[in-house]
Amino acid sequence: MDKVDLSLLNIIQEDFPLTKEPYAELGQRLELTENEVMERIAKLKKDGIIRRIGAFFNSRKIGYVSTLCAIKVPEESLEKVTNIVNSFSGVTHNYLREDEYNMWFTLIGPCRENLEKILAEIEAKTNLKIMELPAEQTFKIRVNFNFTE
Amino acid sequence: MSRSLTNLEKELVRIFQEDLPLVPRPFLQIAEKLNLTEDEVIDYIRRFKEEGIIRRFGVALRHWEAGITANAMIVWQIPIDKVKEVGKKLASFPEVTHCYQRPQQPDWPYNLYTMIHRSNREDCEKLAAKLASAVDQHNYRLIFSTKELKKESMKYFVEGAPECRK
């Protein structure tokens, strides 16, 4: 990534132009042609740096519920448990972490009953107990990074 | 808090949770599929943003590939009467990307969770120490992630969940 890529990422993280020709507008701001902007974005996608460009929804506002879960997974079962947990489309993030509770995942679904059904299924299939930590209060959700530092 | 969406709005959610077409007029391409005008499509996004339904419209990065290779969850044990004040204060730091209050559990005393992302561990530890002294709370632990097992955007309105029909 060069300096121009970093500036481009900084702009489109938060403020993708909602105009008829968004790539041309980005080009104007960055002194590039529309084509150059599209080529840079295509390259950043190809290199795996950009996952996608689109909307990030507030799941609660469209009627969905979510929760955070942690499991203590024995080393030898990690692969099996990962496959079981990841098989549910409502599991959107799953991380291994350095703790006795070593697997942490988020689960989103259209109602509370749906989350409970899936968590019970994961517990039954893995024979492990899930610690559930639903948010009681959200102070911040924002994933922007400043790339010019 | 939430409202039910029309069928057209649900269709727009299904489209905008995917990748925007990399063509000179991406919103026109979408409009043609839905029999809307380009302006109408853009207006829907603006309205969703105003309503808070869309939190942000932009790029999703793969952090690791973008050089943000240390990510730590800081879990805090905060006296219950202080959680709100401390949560707000921690959220005000630009380095903190997420901040939530969550319930304490029998073997897990932590009730405040913050996420930080840096390029290395030492920076995470330094940042945590800075946050701790800023809020004068010292019962905390950094839990580093060692592997991303899954990271996807949620796909809304694609699967039926019969247990949710009341």
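Going line by line, the protein sequences match chains P and S. Quick note, our numbering runs 80 ahead of the 1-based positions in the first sequence. Quick note, our numbering runs 882 ahead of the 1-based positions in the second sequence. Just so it is clear, CB atoms sit at the ideal spot from N, CA and C, and this is done for glycine as well.
Pairwise C-alpha distance: residue j and residue i
i, j, result
"residue 920 of chain S", "residue 101 of chain P", "11 Å"
"residue 961 of chain S", "residue 989 of chain S", "17 Å"
"residue 976 of chain S", "residue 198 of chain P", "35 Å"
"residue 917 of chain S", "residue 108 of chain P", "30 Å"
"residue 222 of chain P", "residue 1008 of chain S", "21 Å"
"residue 894 of chain S", "residue 931 of chain S", "13 Å"
"residue 116 of chain P", "residue 81 of chain P", "14 Å"
"residue 1024 of chain S", "residue 945 of chain S", "19 Å"
"residue 178 of chain P", "residue 150 of chain P", "12 Å"
"residue 88 of chain P", "residue 984 of chain S", "36 Å"
"residue 892 of chain S", "residue 955 of chain S", "33 Å"
"residue 1020 of chain S", "residue 1011 of chain S", "9 Å"
"residue 933 of chain S", "residue 926 of chain S", "10 Å"
Cβ distance (whole Å) where residue i is taken to contact residue j below 8 Å
i, j, result
"residue 998 of chain S", "residue 979 of chain S", "7 Å"
"residue 124 of chain P", "residue 84 of chain P", "Rounded, the Cβ-Cβ distance is 11 Å, inconsistent with contact."
"residue 1036 of chain S", "residue 172 of chain P", "5 Å"
Reference residue i; option with closest CA among the options
i, options, result
"residue 1046 of chain S", "P:82, P:132, P:145 and P:130", "P:145"
"residue 1026 of chain S", "P:181, P:128 and P:90", "P:181"
"residue 967 of chain S", "S:889, S:1043, S:1001 and S:1016", "S:1016"
"residue 1013 of chain S", "S:963, S:957, S:1042 and S:1039", "S:957"
"residue 201 of chain P", "P:183, P:150 and P:164", "P:164"
"residue 249 of chain P", "S:905, S:924, S:925 and S:922", "No information on residue 249 of chain P is available, as it lies outside the stretch 81 to 229 that chain P covers here."
"residue 943 of chain S", "P:205, P:116, P:192 and P:94", "P:94"
"residue 993 of chain S", "P:216, P:154, P:193 and P:170", "P:216"
For residue i, the three-state DSSP class (helix, strand or coil)
i, result
"residue 1042 of chain S", "coil"
"residue 229 of chain P", "The predicted model places residue 229 of chain P with a pLDDT of 39, which falls under 50 and marks its position as unreliable; any figure quoted below should be read in that light. Here residue 229 of chain P sits in coil by DSSP."
"residue 993 of chain S", "coil"
"residue 95 of chain P", "strand"
"residue 156 of chain P", "helix"
"residue 133 of chain P", "strand"
"residue 957 of chain S", "strand"
"residue 139 of chain P", "helix"
"residue 952 of chain S", "strand"
Stretch pair the segment 890-902 of chain S + the segment 129-144 of chain P: three plus CB contacts closer than 8 Å: yes
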